[in-house]
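This report concerns only the one structure given below.
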Amino acid sequence: MSVQNAKRLFLRLGVFAGLFLCGTVSAVQACPGCNSILDGTLGYGFNMSTLFLMAMPFFVAGSMVLGFVFVKRITKEHLETRRHFERTEKRGEQN
91 MSVQNAKRLF LRLGVFAGLF LCGTVSAVQA CPGCNSILDG TLGYGFNMST
141 LFLMAMPFFV AGSMVLGFVF VKRITKEHLE TRRHFERTEK RGEQN
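Residue numbers (my numbering): 91 to 185.
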């Protein structure tokens, strides 16, 4: 598949997806259960659970990045300490 054919394919898929979404936006409505709880006190819980679910990917990704940085720093400190001891051992052997 050439680059031009790939561009045409992606353009066609994009146009098709855009037309499909434009046709379905007017037909989308909340289900009766969700629509009725949005006005009451249950709506607060519904909104908070939605925010919680939206925040979870960022929390998980942030935890993974922080863990990677922490392990990288610990490994770097360990290597520096090991090199320091190796240098002092070589100096001791030379004397």
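Glycine residues also receive a C-beta, built at the ideal position from the N, C-alpha and C atoms. Since we're looking at a predicted model, the values are computed, not measured.
Using only the alpha-carbon positions, how far apart do residue i and residue j sit?
{"i": "K180", "j": "R163", "result": "26 Å"}
{"i": "E176", "j": "E170", "result": "10 Å"}
{"i": "G152", "j": "M138", "result": "21 Å"}
{"i": "F142", "j": "Y134", "result": "12 Å"}
{"i": "G104", "j": "R98", "result": "10 Å"}
{"i": "M146", "j": "V159", "result": "20 Å"}
{"i": "A107", "j": "L101", "result": "10 Å"}
{"i": "V150", "j": "G157", "result": "10 Å"}
{"i": "G182", "j": "M154", "result": "42 Å"}
{"i": "M144", "j": "L109", "result": "27 Å"}
{"i": "T178", "j": "T165", "result": "20 Å"}
{"i": "F148", "j": "V161", "result": "20 Å"}
Residues in the same chain with beta-carbon distance under 7 Å from residue i, minus the five sequence neighbours each way, listed in chain order, please.
{"i": "T140", "result": "none"}
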